[in-house]
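Counted from 1, the sequence shown has number 184 at position 192 by this note's numbering; the numbering is strictly sequential.
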Amino acid sequence: MRFNAKDLASLARRPSGCFDKEGKLKICRVVGDEKLIEPRERWCRLKGNLLFLMKNKSSEASEVVILERCWIVEFRSKTDVSIVLKFQSGEADLYLEAASKPDCESWAVALGEANSEGLQNKIQQLRRLIMEIKEERSSDEARQFLPSSQVDSLGEPQFTSIQRIANEPKLEFSLACKDLVAATRDRKLNTFIQVSVVHPAEHILTRYTSTEIVEGTRDPLFLTGVTFPPEYPIYEETKIKLTVYDVKDKPQDTVRTSVLPDHKEPRADVGRSFLGCTTFRVGDLIKSKEQQLTLTLRTSDGGKTVGTIEVNLVKMGELEDGETDHITTDAQDQKCALVRECTATEGVSGKDNLPSLNAVLKNPICKLYRFPTSDNKWMRIREQMAETTLSFHVPKELINLHIKEDMRRNQELKDLGELAPHWDNMRKSVIAHCDQMLSMYQDTLAELGKHTGSSFKSSCSKGEKTLEFIPINLHLQRMHVHSPRLKDALYDVITVGAPAAHFQGFKNGGLRKLLSKFEAERRNTGYQCIYYSPENTAKAKEVLSNINHLQPLISSHADLLLNSASQHSPDSLKNSLKMLSEKTELFVHAFKDQLVRSALLALYTARPGCVLKKPAVPRNSAEEGDDLQHQGHPSQIKRQDSIPHHSEYDEEEWDRVWANVGKSLNCVIAMVDRLLEKDNISNIKEGENDPSAADCKVLHTGGDWYEQLYPLVITLKDCMGEVVTRAKQSMAFVLLQELACGLPQCLMLTLRRDIVFSQALAGLVCGFIIKLHTGLHDQGFLQQLHTVGLLVQYEGLLSTYSEEAGMLEDMAVGISDLQKVMFKVIEAKSEDFLPVITGRREHYVIEVQLPAKMFELLPQEIKEGKLLRMYPVLFNVGINEQQTLAERFGDTTLQENINQENLELLKEYYKLFTEKMPPDCLPHFQEQNDLKGLLENLHQNIQAKKRKNVEIMWLAATICRKLNGVRFTCCKSAKDRTSMSVTLEQCSILRDEHQLHKDFFIRALDCMRREGCRIENVLKNVKCRKYAFNMIQLMAFPKYYRPPEGTYGKADT
């Protein structure tokens, strides 16, 4: 071959940027393993397939090596920094020694790709990629202009479907490679597999998923598998392409490839190199005798073999044969255990509950793992995460109730009648402010009605005003464990951002501080209104609620009584009277309170022209001047306990009005008894003489019954109406004082409390429905549910520093307010299984609808509509760097007080449980002595006041599970710290309850955090698979709350 020496010399002298690679190497010729001379240092420059050897960087090229018909092998030495170029021509081999192992590997790759054969391979690979892009683009363009019917027919040709179990993934398989070939013999590969799908109808290659990176082995057992969900269009004719890559820098590759959009090819320059690829048909895998394929991996040109890959068909629930010893011996450097991903919802309770669950859970993500047990058997774990439609449904229902309640309250204030100028001006001011707040609720509801798309609120949206009632990042986190020797188990945790008013901010603290401060100011400041305690205000709201509920019921039953009388039906008359008596007694009992009496007196003094006979209490000149401006305001009634007895006010009048209702009811009862008694005597006499005469008597006395009862029923209604009018006005006057005493702070606090409660309630409803579905076949749990109630345990990870202290205060009040919530289970009458919310701010009832088959499984007490109580408790332990600041320079009293208060609530629930439930209710491994010990241990840890004592959370979570409770885990956005806590809890359960091999605890933990559902949650929230931690932050975290390398970095939270 001829060369132009001048051109080669000119090429060698070009600037450094013109070469593919250059640097210092020690070079000599070798024969076999013997070096002919000692290696000499040379400056080497690679351009295309030419390697220039120079004495130094500025000298002329002393030799040119043409890199054709040669190959690279590793030189056997202890340093692993040298390679040898072997030539087909038989000339002496060229020994190349680099300064370091990475430099040697870099030269080996560059020289291996420098010849024309490598160039041809690159050209072929680029041509295939161009064709795939063209085909995909043309297919998309064709679909854009085709009618929908033709598009459907194009995507659904007559191919062989895969037989599967209902609601199970269509296809699952695991992957492993053997005898992979590296560029240098002793290099340890860091490999992963990219899985692509070739659809048989369009012949388009689509990237589907990738495995995790397995480090340091040429025989990797790929621990991430592949799952195709039930709705995925995959057939026996579908082809799967598997491409194996070698990654040089694992953390860098993890970060850089994780931020790519879905179904996009990663860039080729992310520090990885192509090893080989292969393709197989799905039908071949399914029909194979061993349900396993062993495929040959080849280079892109199809010529060189670089190893083999094993594809194993996997079915969840089937025990795997064989031991697991080969994993711990052959793959010591592998970081996690088998994971496969899918998007199918699953429950252990059977398929009957799927319709109602599917109405609540949306967009599920599923990962499957297999881990070894302590006796070297496999256990399978399916980890699921799903968002819920309740994130928006519950707040919209709640806001709608707030609007109705506030409109009713405004009308009651207007119906107070004529008031003195001071009180009338106060009423006008209150109504104006309330109307503004009502308008805001209506606008918020209208905006939520426009929302479409995702069923959850991302962490990036927590400060949006239109979404402030929506819980942050609410998801169900479920772990289904299938062990070799233990019964299948299901573990659920609801993950949600801490219920807090993020849009309103935390400059002045949260609800706990704001409510306490506001109440103190109301009590101690001289407002121009009457002070009523929060208990009395709540009582007034309860009285008004009872009035609005009972009055229409009593009127209805009174009408039914008259109807029964007109039909002369004794049995119907008795039943109607019984119902009327019960409701009227409840009505009368609702007013047995001193509050109504005192409020009536206060309202009387607020009427125009009211003149008090008793002298006023002396006050300072400022107060007297104020009274001159408000002559209608009596100074003596600034406080409830200072309300005077007015000489012209007849205090016994209310007692007489109130008692008249009972007297009227007694008259009705006496008349019914007399009518029935006369009817019995008359029937007996007439029947003995002439049966036909008895029939005539019935027709005659029917009118008499109605005529005799009618005036008594009208009197009862009139007396009840008088009581209702007076009671409504008096209670509305109490509410007027509450609102007037703190405008506008009172309404703003109500708004903030509504926002926080809305977020908390959405999570609670989700947790209750999931728990009810999973416990339908557990008679002990169902008995506990209606006898004692449901324990709801919240785990908080917020710090007590800066804004998070305000979030914790909001969260504490919101969770405490959940005690006002009762649940009721009803049979669904339609296909709409979403819950219905009724009630008012102080008392809500959530009606959960179940299909008929599921409803029949419930105890009779629940089927009859018994209200089910909730017992929410919150335990918080801050774990981040802000908590370190709070512990060293700030204050942790808030956290200590919350934990101590909720410990007492937990003890109270346990006491009720032991009193009302039989001893054999708990499962065999959850003995009462065990629970007593856990409670005592929890008490000691709370009293210890140890820094970042995460054992408090572990103990509280364990107690909750043993008491059949619902578990919640919360941090600011339920994304980062929550993910660390949930994955730690899952692995701890596997270790403590399911015999996870002790050597695999950290591997399982890293696997769930790197490849599991929680990293997908991060992606859903911030469009990036990185936990929002940095190295300095993680130094402050407890050991087991730190994510694996490559999974964290700078990201929006």
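The beta carbon of each residue, even a glycine, is placed where N, CA and C say it ideally should be.
What would DSSP say about P356, mapped onto helix, strand or coil?
strand
DSSP beta-bridge partners for L305?
F165
Mind checking G781: buried by the 16 CB within 10 Å criterion, or exposed?
buried
Closest residue to C962 among G40, L305, P491, C10 (Cα-Cα distance):
P491
Short of 8 Å in beta carbon distance, which residues of its chain neighbour F1054, apart from the five on each side in sequence? Order them along the chain.
Look at the range of the chain in this structure, -7 to 1045, and you will see that residue 1054 is not part of it.
As assigned by DSSP and simplified to three states, the class of H989:
coil
For K18, the first and last residue of its enclosing beta strand (DSSP E)
13 to 23
The alpha helix (DSSP H) spanning S431 covers which residue range?
413 to 441
In whole angstroms, what separates the C-alpha of G275 from that of Q987?
37 Å
Quick check on the burial criterion: 16 or more other C-beta atoms within 10 angstroms. Buried or exposed for G755?
buried
Taking the alpha-carbon positions, what's the L163 to P221 distance?
7 Å
Residue span of the beta strand (DSSP E) that contains H474, given as start and end:
467 to 474
List the endpoints of the continuous beta strand (DSSP E) containing N516.
Segment 503 to 516 is the alpha helix (DSSP H) holding N516; no beta strand (DSSP E) there.
Through-space distance from R32 to L172, alpha-carbon basis:
34 Å
Going by DSSP in three states, N(-4) sits in which element: helix, strand or coil?
coil
In the structure shown, what three-state DSSP assignment does A844 receive?
helix
So, using beta-carbon positions, are N465 and V485 closer together than 8 Å?
no
Limits of the unbroken beta strand (DSSP E) element including A378:
370 to 380
Can you list, in chain order, the residues of its chain with a C-beta nearer than 8 Å to that of A323? Leave out the 5 residues immediately preceding and following it.
At A323, the pLDDT of 38 sits below 50, so the modelled position is not reliable; the number obtained from the coordinates is stated separately. Excluding residues within five positions, the ones whose Cβ falls inside 8 Å are V206, T209, D211, P212, L213.
7 Å Cβ shell around K78 - same chain, five flanking residues per side excluded:
C62, W63, V65, D85
For L1026 and R1034, believed in contact at Cβ under 8 Å, the rounded distance:
5 Å
Is the CB-CB distance between L1046 and L545 below 8 Å?
Past the boundaries of the shown model lies residue 1046; the chain is included only from -7 to 1045, so the question cannot be answered.
V580 (DSSP reduced to helix, strand or coil):
helix
Spell out the partners DSSP gives Y793 in its beta bridges.
BP columns for Y793 are empty, so no partner.
4 or more residues per run - each alpha helix (DSSP H) lying fully within the stretch 732 to 778
737 to 766
Would you check if there are 3 or more beta carbon pairs closer than 8 Å linking the stretch 724 to 744 to the stretch 365 to 378?
no
Would you call the CB atoms of K233 and V298 closer than 8 Å?
no
Please name the residue, chosen from K938, Y902, Q785, that lies closest to F867 on a Cα-to-Cα basis.
Q785
Residue nearest to L411 in terms of C-alpha spacing, selected from Q875, L728, D824, D696
L728
Measure the beta-carbon distance from S722 to V580 and round it to whole angstroms, keeping in mind my assumption that it falls under 8 Å.
At roughly 16 Å, the Cβ-Cβ gap does not stay under 8 Å, so S722 and V580 are not in contact.
Would you tell me roughly how many angstroms separate the C-alpha atoms of H989 and S475, rounded to the nearest one?
12 Å
I need the boundaries of the alpha helix (DSSP H) containing T950, first residue and last residue.
943 to 954
Could you check how far apart the C-beta atoms of F510 and G798 are, in whole angstroms? I think they sit under 8 Å.
With 8 Å as the limit, F510 and G798 do not qualify as a contact, their Cβ atoms being about 15 Å apart.
Can you list the beta strand (DSSP E) stretches of 3 or more residues lying completely in the stretch 26 to 106, in chain order?
32 to 39, 42 to 46, 53 to 58, 62 to 66, 74 to 79, 85 to 89
Residues sharing a beta bridge with Y1040, DSSP:
Y1019
Whole angstroms is fine: what's the gap from V535's alpha carbon to F583's?
7 Å
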